[in-house]
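Asker:
4 protein chains.
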Amino acid sequence: MAGTRQRNKDKLPVIIDAAKAVFARNGFYNSQISKIAKQAGVADGTIYLYFRNKEEILVRLFEHQVGSYILSLKEQLKQLDDARQRLSYIVDQHLQILEEDPDLARVFQLELRQPIAEIRKGIAPILHQYFQIIEDTVCLGQQQGYFDSELSAKLIRKIIFGSIDEVATSWVFSQKNYSLTSQAAQLIRVIFRGISK
Amino acid sequence: MAGTRQRNKDKLPVIIDAAKAVFARNGFYNSQISKIAKQAGVADGTIYLYFRNKEEILVRLFEHQVGSYILSLKEQLKQLDDARQRLSYIVDQHLQILEEDPDLARVFQLELRQPIAEIRKGIAPILHQYFQIIEDTVCLGQQQGYFDSELSAKLIRKIIFGSIDEVATSWVFSQKNYSLTSQAAQLIRVIFRGISK
Amino acid sequence: MAGTRQRNKDKLPVIIDAAKAVFARNGFYNSQISKIAKQAGVADGTIYLYFRNKEEILVRLFEHQVGSYILSLKEQLKQLDDARQRLSYIVDQHLQILEEDPDLARVFQLELRQPIAEIRKGIAPILHQYFQIIEDTVCLGQQQGYFDSELSAKLIRKIIFGSIDEVATSWVFSQKNYSLTSQAAQLIRVIFRGISK
Amino acid sequence: MAGTRQRNKDKLPVIIDAAKAVFARNGFYNSQISKIAKQAGVADGTIYLYFRNKEEILVRLFEHQVGSYILSLKEQLKQLDDARQRLSYIVDQHLQILEEDPDLARVFQLELRQPIAEIRKGIAPILHQYFQIIEDTVCLGQQQGYFDSELSAKLIRKIIFGSIDEVATSWVFSQKNYSLTSQAAQLIRVIFRGISK
DNA sequence: TATGAATGAGCCTTCATTCAT
DNA sequence: CATGAATGAAGGCTCATTCAT
């Protein structure tokens, strides 16, 4: 008897957490629905009450985590007037979140890079929101006279995001025998120098 | 016509070119061996005379393109004494190669990001060679007194590669209605400022 | 709106009507229980308070419609003494009922032909009652000296039923741009000539 | 090691024969591809080298059997000048073919009645060819003055086909303890009387 | 070397049915 | 009686890989 039937519990977060763990451990391609269901303690079919298909699990996992993060990030940034402080905060938090949740880091830095149209399209809106926050912060810094106004804000965003992303990916591939956040200070220093007036 | 029958020629480069085109058009996951074989004008089984499996095609495609590039890159860098010139050259060439071959760009920036162990491991040695060239150049610049010696060369490499990579990926996703190499100058300027003494 | 919630009413006829419409529109195989439940305005589980399984819905739909028809048919036939009049009436009514209810026609002529043992067995008793009525009428006609007594009544029944059935099926497949009952007269004429003394 | 690989043998007729037997024994719905493959002595995947999907097997089985039958039927009919002889021949052969191959009879009379659009559409062209032959024969008989010209040839065809079909279906359902062809004579007599001038 | 027909393991998804509420 | 979330068995189909020719 595969467990008594659970009712009235919201299975959505349970499944998302299970998927995160399974994806991190096995990779998206090798994470069969049955594995995720088992990990979540639900039946295979139950997954499909919450998700249209396997790809959507990955997309919704991203939305779930990043969507709420963006909300709190926006809230926190309001507290800071100085664009340099804001940018610092963004980089710091980005690295900290990944370091605190290695499964999440693995899923974000590796599995989410699936070259599957449905996944890329599903992720795009949220990702672009995050890009926008960075670009807005850069623009603010330019208005405040801290950052070089001759540089394209979009290009700077690519440099910032690209740098963080590569630092994070290297850390995931490494044995994680060093702290990810410990790289934040130097990373921010280089970025600031690079884009300052 | 998807390729006339090739005879008595080495089929290896033909297959690699075919794979590049098919991967770029359909994505790795949706590029069946039979599609690649058809595009190359050979039988399905012939592919397996040259490659152990599908993953190896992607890896060898990478090795084929990047391996020879690294050789010529090393040659060119020897001609330049100034680490700043060398770094400039690296960034420039990186972007230029991708811009000149959109299929290659698509495969490198998207399809090669497969979270499949065999692919990642296969690519690693060559990729690390490329990373080493960048790090060596950074160290040289530090010795020459141009770059800040207090910064970790490895971290700087991550920033440089991460930035280029993100700029390239954005371009691939875009309608490519702007020049990729046109971004090189600003990108290099930011990097230089960021890591200069 | 696919049916407002019914309360305190016998849901059996509601479900049967819903099933008829859904079967006619989607075919038996593509008519999920959830579709029928939605159309009937009841919960999926409610269906199983009235029917053992999906097949039984089809069978009981048949019983429901044909069973009561047979009762009234027998009643009507009693009014007629002449076997020729009786047979005429049977053919007429058969076609008329189908023409008046296109959903019913579709279900009877197509969906009910499921090669599923449970369905065939469930339908058989009622269908055989109908066959018996036809055969009895034929026998009566033979006794009355109208029909050729050398012909097997059972064979004649097959010819009569087969003819009506094929005429009806053709009509269902057609765009129904002609009247089904308009074929009754000619059909009866051929049959009568065929079996008359 | 499921048997040594068979090469250069045309597996198409082998699969079709296997499908006929499996469909007859289990019904279309309960005839898994793996069952058909096993019966045919090929791998599951091999089926899909010859058929797009399960439905197509049924359709092509019909085409295979009826298509060639129609060719020979047309040939034979040419030998006969009298429309009455032709019609006799058609009915006779129809019943004889089914009686000689009980598996075929079961598939034709029961399994082929699947209310699945793809199957109905696939069968239609061939079936209509057969209908046409019957209608043409009826028309010829009308021109030759044997059959009543006031009757619609199409309606007569429905009566003829419907009658044969019902006789055949009854026989399939029966324990087959009587000869199907033995019914031909009476059936033809009734039809002739019914449609004669 | 080259072929391409054949293989068969593997998995996502559906949906009839159940049962705790 | 009624609900509808949860179940989980079942199977059609794909496609990387093999190997007799």
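Quick mapping for you: the protein sequence lines, in order, are chains A, B, C and D.
Take the first sequence: its position 162, counted from the start at 1, is 373 in the numbering used here, and no numbers get skipped.
Take the second sequence: its position 164, counted from the start at 1, is 375 in the numbering used here, and no numbers get skipped.
Take the third sequence: its position 171, counted from the start at 1, is 382 in the numbering used here, and no numbers get skipped.
Take the fourth sequence: its position 134, counted from the start at 1, is 345 in the numbering used here, and no numbers get skipped.
Each residue gets a CB set at the ideal place from its N, CA and C atoms; glycine is no exception.
So which residues of chain B does residue 322/A contact, with C-beta pairs closer than 7 Å?
Answerer: Result: 326.
Asker: With a cut-off of 8 Å, do at least 3 Cβ pairs link the stretch 310-319 of chain C to the stretch 330-340 of chain C?
Answerer: No: fewer than three Cβ pairs fall under 8 Å.
Asker: Assess, as a yes-or-no matter, whether the stretch 378-389 of chain D is touched by the stretch 375-383 of chain C under the definition of 3 or more beta carbon pairs within less than 8 Å.
Answerer: The stretch 375-383 of chain C vs the stretch 378-389 of chain D: no contact.
Asker: Any C-beta of chain B within less than 9 Å: which residues of the stretch 381-406 of chain A qualify?
Answerer: Flagged, chain order: 381, 384, 394, 397, 398, 400, 401, 402, 403, 404, 405 and 406.
Asker: Let me know the secondary structure DSSP gives residue 407/D once reduced to three states.
Answerer: If DSSP states are grouped into helix, strand and coil, residue 407/D belongs with the strands.
Asker: Would you call the CB atoms of residue 302/B and residue 367/B closer than 9 Å?
Answerer: Contact: no.
Asker: Tell me which same chain residues have a C-beta within less than 6 Å of the C-beta of residue 352/C, skipping the five on either side of it?
Answerer: Closer than 6 Å at the Cβ level, and outside the excluded window around residue 352/C, lie 294 and 358.
Asker: Under the rule that 16 or more other beta-carbon atoms within 10 Å means buried, what is residue 361/A, buried or exposed?
Answerer: The residue is exposed, with fewer than 16 neighbouring Cβ atoms inside 10 Å.
Asker: What is the DSSP secondary structure of residue 262/A, reduced to helix, strand or coil?
Answerer: The answer is coil: DSSP assigns residue 262/A none of H, G, I, E or B.
Asker: Scan the stretch 333-364 of chain D for residues whose Cβ lies nearer than 8 Å to a Cβ of chain C and list them as they occur along the chain.
Answerer: Listed by position, the residues of the stretch 333-364 of chain D near chain C (Cβ gap below 8 Å) are 362 and 363.
Asker: Does residue 369/C get closer than 9 Å to chain D when you measure Cβ to Cβ?
Answerer: Yes, contact with chain D.
Asker: Within 9 Å (strictly less), CB to CB, does residue 374/D reach chain C?
Answerer: It does; some Cβ of chain C falls within 9 Å.
Asker: Select from 392/A, 329/A, 245/A and 405/A the residue whose C-alpha is nearest the C-alpha of residue 226/A.
Answerer: Comparing Cα-Cα distances from residue 226/A to each of 392/A, 329/A, 245/A and 405/A, the minimum goes to 245/A.
Asker: Apply the 10 Å Cβ neighbour rule to residue 324/A and answer buried if 16 or more other Cβ atoms are within range, or exposed otherwise.
Answerer: Buried, by the Cβ-count rule.
Asker: Would you decide whether residue 336/D is buried or exposed? Buried here means 16 or more other CB atoms lie within 10 Å of its CB.
Answerer: Counting Cβ neighbours within 10 Å, residue 336/D comes out exposed, since fewer than 16 surround it.
Asker: Would you mind stating whether residue 251/C and residue 228/C have Cβ atoms separated by less than 9 Å?
Answerer: Going by C-beta atoms, residue 251/C is nearer than 9 Å to residue 228/C.
Asker: Starting from residue 310/C, follow the alpha helix (DSSP H) in both directions and report where the run begins and ends.
Answerer: That run of the alpha helix (DSSP H) goes 294-311.
Asker: Just tell me which of 375/C, 365/C, 364/C and 369/C has its CA closest to the CA of residue 369/D.
Answerer: Taking only the C-alpha atoms, the option nearest residue 369/D is 375/C.
Asker: Would you kindly check if the distance between the Cβ of residue 310/B and the Cβ of residue 392/B is under 9 Å?
Answerer: Closer than 9 Å, so yes.
Asker: Residues of chain B with CB closer than 7 Å to the CB of residue 319/A, please, in chain order.
Answerer: Here the premise fails: no neighbours, minimum Cβ distance about 11 Å.
Asker: Which term fits residue 396/A, buried or exposed, when burial requires 16 or more other beta carbons within 10 angstroms of its beta carbon?
Answerer: It counts as exposed.
Asker: Could you confirm whether any beta carbon from chain C is found closer than 9 Å to the beta carbon of residue 270/D?
Answerer: Not one chain C Cβ lies under 9 Å of residue 270/D.
Asker: If we define contact as Cβ-Cβ less than 9 Å, is residue 256/D a contact residue for chain C?
Answerer: With 9 Å as the cut-off, residue 256/D does not count as an interface residue toward chain C.
Asker: Measure the C-alpha to C-alpha separation of residue 274/D and residue 269/C and round it to an integer number of angstroms.
Answerer: One C-alpha to the other measures close to 31 Å.
Asker: Taking residue 327/A and residue 266/A to be in contact with their CB atoms under 8 Å, please state how far apart those CB atoms are, rounded to whole angstroms.
Answerer: Between residue 266/A and residue 327/A the Cβ distance is about 6 Å, and since that is below 8 Å, they are a contact.
Asker: Going along the chain, which residues of the stretch 237-251 of chain D sit with their C-beta nearer than 9 Å to a C-beta in chain C?
Answerer: Hits within the stretch, in order: 238, 239, 240 and 241.
Asker: So that I know if they touch, is there some Cβ in chain D lying closer than 9 Å to that of residue 378/C?
Answerer: It does; some Cβ of chain D falls within 9 Å.
Asker: Does any CB atom of chain A fall closer than 9 Å to the CB of residue 309/B?
Answerer: Judged by the 9 Å Cβ criterion, residue 309/B is not in contact with chain A.
Asker: State the start and end residues of the unbroken alpha helix (DSSP H) segment that holds residue 209/B.
Answerer: No answer is possible for residue 209/B: the residues shown for chain B start at 212 and end at 408.
Asker: What does the Cβ neighbour count give for residue 390/B, buried or exposed, with the cut at 16 atoms within 10 Å?
Answerer: It counts as exposed.
Asker: Does the separation of the CB atoms of residue 349/D and residue 399/D fall below 9 Å?
Answerer: Against a cut-off of 9 Å, the Cβ pair of residue 399/D and residue 349/D comes out as no contact.
Asker: Looking at the secondary structure, which residues open and close the alpha helix (DSSP H) in which residue 225/C lies?
Answerer: Per DSSP, residue 225/C belongs to the alpha helix (DSSP H) from 222-237.
Asker: Just to confirm my understanding: we take residue 322/C, look at its own chain, exclude 5 residues before and 5 after, and list those with CB closer than 8 Å. What are they?
Answerer: Once the five neighbours on either side are set aside, the close Cβ partners of residue 322/C are 234, 235, 238, 239 and 269.
Asker: Would you mind telling me which residues of chain D sit closer than 8 Å to residue 366/C, beta carbon to beta carbon, in chain order?
Answerer: Within chain D, the residues near residue 366/C are 378, 394, 397, 398 and 401.
Asker: Short of 6 Å in beta carbon distance, which residues of its chain neighbour residue 354/C, apart from the five on each side in sequence? Order them along the chain.
Answerer: The answer is none, since no qualifying residue turns up.
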